[in-house]
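J.: Would you mind keeping the following structure in view while I ask a few things?
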Amino acid sequence: MNHGDDWEYGINLPHNPLAVGVARGALRLMLRAHGLGELGGTAELLASELVTNAYVHAPGPSCLRVKRSEKWLRLSVWDTSGEPPRVGAPAAGAEGGRGLGIVAELADQWGHYPMGVSRAGGKLVWCELGGP
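In my numbering, the protein residues as written are 380 to 511.
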């Protein structure tokens, strides 16, 4: 594995609807800087859904982490809610409720786990592009 291609960034985000756009823009810059602009559209959509989910369902701040290995790009969002994410079928005509369905469809893998006592509890929701 070429460790020059491995990197990780983290962005602390306030509980603010503008955080979604900030996260997308930062991710776009990261991917372009590392020559991965072709992943931008899908990765930005996935990050948007994860950050939006954190904003809608958690009362506090969140953190987007972006990690690249030789084999995959992982996006993860920590938030202050201990409730596990749910993929649901939104009611007809509903404006929201499709985010995790989009993540499940577009990501090669995704999941979540509770954070316990670290970082004030909460949970981490992650997804990967590439990989096994």
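C-beta: ideal position from N, C-alpha, C; glycine also.
Return the CA-CA distance between H382 and G439, expressed in angstroms with no decimal places.
T.: The predicted model places H382 with a pLDDT of 44, which falls under 50 and marks its position as unreliable; any figure quoted below should be read in that light. Going from the Cα of H382 to the Cα of G439 covers about 35 Å.
J.: Looking at the structure shown, is S460 part of a helix, part of a strand, or coil, going by DSSP?
T.: Three-state DSSP puts S460 in coil, outside helix and strand.
J.: List the whole-angstrom C-beta distance separating V504 from V456, where the pair is believed to meet the contact cut-off of C-beta under 8 Å.
T.: The Cβ separation is near 5 Å, so the contact holds.
J.: For L425, I'd like the list of residues in its chain whose CB is within less than 7 Å of its CB, leaving aside the five on either flank, ordered along the chain.
T.: Excluding residues within five positions, the ones whose Cβ falls inside 7 Å are L454, V482, L485, A486, C506.
J.: E428: buried (16+ other C-beta within 10 angstroms of its C-beta) or exposed?
T.: So E428 counts as buried.
J.: Is it buried or exposed, W386, if we count other Cβ atoms within 10 angstroms and call 16 or more buried?
T.: Label assigned to W386: exposed.
J.: State the Cα-Cα distance for the pair P463 and L479, rounded to the nearest angstrom.
T.: The alpha-carbon atoms of P463 and L479 are separated by roughly 12 Å.
J.: Distance check for G501 and H394, CA to CA, integer angstroms please.
T.: Whole-angstrom Cα-Cα distance: 14 Å.
J.: Which whole-angstrom value is the C-beta distance of L443 and I390, which I expect to be below 8 Å?
T.: Contact flag correct, Cβ pair sits at about 5 Å.
J.: Between which two residues does the beta strand (DSSP E) carrying V445 extend?
T.: Segment 441-447, the beta strand (DSSP E) holding V445.
J.: Does the distance from the CB of Y492 to the CB of V445 come in under 8 Å?
T.: Going by C-beta atoms, Y492 is not nearer than 8 Å to V445.
J.: What would DSSP say about H382, mapped onto helix, strand or coil?
T.: Residue placement at H382 is poorly supported in this model, since its pLDDT is 44, which falls under 50; the coordinates are not used for a value here.
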